[in-house]
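So for the sequence shown, my numbering puts the first residue at 28; every next one is plus one.
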Amino acid sequence: MRKIILMLGVAVFAMSFTSCKDNASNKIIMANVDNAAERDSNAKNLPEMSFDRTEFDFGTIEQGTPQQTVFTFTNTGNAPLIITDAKSTCGCTIPEYPKNKAIAPGESGEMLVKFNGSGQNQIAKAVTVTANTAKGRETLRIKAFVNPKNGTTALIPTK
């Protein structure tokens, strides 16, 4: 049994020396190196999403009165911008946007945000925009003061 273990040990030792005789630098394919360098330089070229504003105040509205606003954005980066998703914090706010459409550098687009006027008193909603930018997400906000539908004016708290 000892002889078998000793023979296996010697065989493994011999194989480790003979398998390393090839020079690793001879195995490098220069075309792959060039492709990797190009890929890495392109990874630095990212789109950037710049909005004309990131918050909008509808002011005082009556409950149940639909509202909408447009957020204009520009691709200020150096690669095509693609918006993959936009979600609001609740179902009362619905964003409409150019989903999965490439927006070239320097071009602009619009995101329509609709609010159905639900709730009472001061409301604030957020829309999270997911895109292929370095940050990956942008947040837009809308707010309003919603008066009850029955005609009474809600009391605004004072300090």
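Don't be surprised by glycine CBs; every beta carbon is placed ideally from N, CA and C.
Item                                                                                    : Value
Range of the contiguous beta strand (DSSP E) that encloses Asp84                        : Glu82 to Glu89
Range covered by the beta strand (DSSP E) that runs through Ala158                      : Asn148 to Ala158
With 16 other Cβ atoms within 10 Å as the buried cut-off, status of Thr99               : exposed
According to DSSP, residues forming a beta bridge with Asn72                            : Looking at the DSSP assignment, Asn72 forms no beta bridge with any residue, so it has no partner.
As assigned by DSSP and simplified to three states, the class of Glu123                 : strand
8 Å Cβ shell around Ala158 - same chain, five flanking residues per side excluded       : Pro74, Met76, Leu108, Ile109, Ile110, Thr111, Arg164 and Glu165
Among Gly133, Val140 and Thr103, nearest to Cys117 - alpha-carbon criterion             : Val140
Residue burial classification, Phe40 (beta-carbon count within 10 angstroms, cutoff 16) : exposed
C-alpha distance - Pro175 paired with Asn143, whole-angstrom precision                  : 14 Å
Residues that DSSP places opposite Ile113 in a beta bridge                              : The amino acid at residue 113 is misidentified as Ile; the sequence shows Ala. The partner list for Ala113 (beta bridge, DSSP) reads Val156.
Leu139: first and last residue of the uninterrupted beta strand (DSSP E) it sits in     : Ser135 to Phe142
Helix, strand or coil at Asn174 [DSSP, three-state]                                     : strand
CB of Gln94 within 8 Å of CB of Ala171, strictly                                        : yes
Residues bridged to Phe40 (per DSSP)                                                    : Note: Phe40 sits in no beta bridge, so no partner.
Short Cβ contact (8 Å threshold) for Ala106 with Asn148                                 : no
Where Ala38 falls, given that 16 or more other Cβ within 10 Å makes a residue buried    : exposed
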